[in-house]
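> Handing you a structure now.
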Amino acid sequence: MGFGKKLNFDHAEYYKTCARTRSIDEQLAPKDYVLEHTKPLFTDLKLLTVHNLHKIFVLNEIFKIKKYRYPIPLFTLLKNSPDSMRSCQRGKIVVPKYKLETSRQQFLYCGSTVWNEFKSKASCLDTDFLSDMSTSSCVAKNKFKIFLHGLQSSGHPQLWENHNLTLN
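Okay, structure coming up:
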């Protein structure tokens with residue numbers, strides 16, 4: 026582990042290193058393979074997991090498509106929910122129907138699902154920046170990142186939980 030804070034494995038002289046040479050006696054010694062928990066490192070360094078990085082990119086792309094109305098073919102496919110006049114449904118996107126399981130991996134399905142989950146989860150937060158689309162994409166991306174980092178670092182301080190990696 027290149028950025029760990031604890032001593033690696035069972036030898037203090039191998040602090041934060043990857044390549045080691047040991048004598049045969051040290052190699053045969055009993056080893057302690059308890060590894061350092063990664064969640065505190067992600068929290069301290071303000072890193073996002075791969076799951077949340079994917080969500081940030083999807084949310085940012087959907088935001089830019091809705092704001093700039095470009096590319097036009099994707100914008101026309103992103104339809105607002107018919108119940109969007111109600112306050113709890115405002116800004117949500119109709120999730121397209123799919124026939125094959127592989128269709129769930131397409132950007133349109135994945136993007137609208139992540140967008141709607143974010144809107145549901147962040148309804149208690151300041152989401153006014155999403156209602157009129159006057160916010161710059163950099164500010165929106167920063168707010169997405171702050172929200173996802175808060176969600177990721179919530180719960181148990183050392184163990185990853187399911188709600189750290191999902192929006193629902």
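Heads up, the sequence shown is in our numbering, so the first residue is 26 and it goes up one at a time.
Glycine included, every Cβ here is placed at the ideal spot set by N, Cα and C.
Going by beta carbon distance, what residues of the same chain come within less than 8 angstroms of serine 137, once the five residues before and after it are set aside?
Same-chain partners within the cutoff: Ile87, Leu103, Ile118, Val119, Val120, Pro121.
> Tell me which residues share the same chain as valine 83 and place their Cβ nearer than 6 angstroms to its Cβ, disregarding the 5 neighbours each side in the sequence.
Only Gly136, Val139 meet the Cβ criterion.
> Can the beta-carbon of isoleucine 90 be found closer than 8 angstroms to that of leucine 99?
Yes, Cβ-Cβ distance for isoleucine 90 and leucine 99 is below 8 angstroms.
> Apart from the five residues on each side of it in sequence, which residues of its chain come closer than 8 angstroms, Cβ to Cβ, to leucine 184?
Cβ neighbours of leucine 184 beyond the five flanking positions: His62, Lys64.
> Given phenylalanine 28, which residues of its chain have a CB within under 6 angstroms of its CB, disregarding the five upstream and five downstream residues?
Reliability of the predicted coordinates at phenylalanine 28 is poor, the pLDDT of 49 falling under 50, and no value is obtained from them.
> Report the rounded CA-to-CA distance for proline 182 versus serine 156, giving the unit in angstroms.
Distance between the alpha carbons of proline 182 and serine 156: 34 angstroms.
> Can you tell me whether DSSP reads asparagine 194 as helix, strand or coil?
Here the chain has residues from 26 to 193 only, and residue 194 is not among them.
> I'd like the span of the alpha helix (DSSP H) that includes threonine 101, first residue to last.
Here the alpha helix (DSSP H) through threonine 101 covers 97-102.
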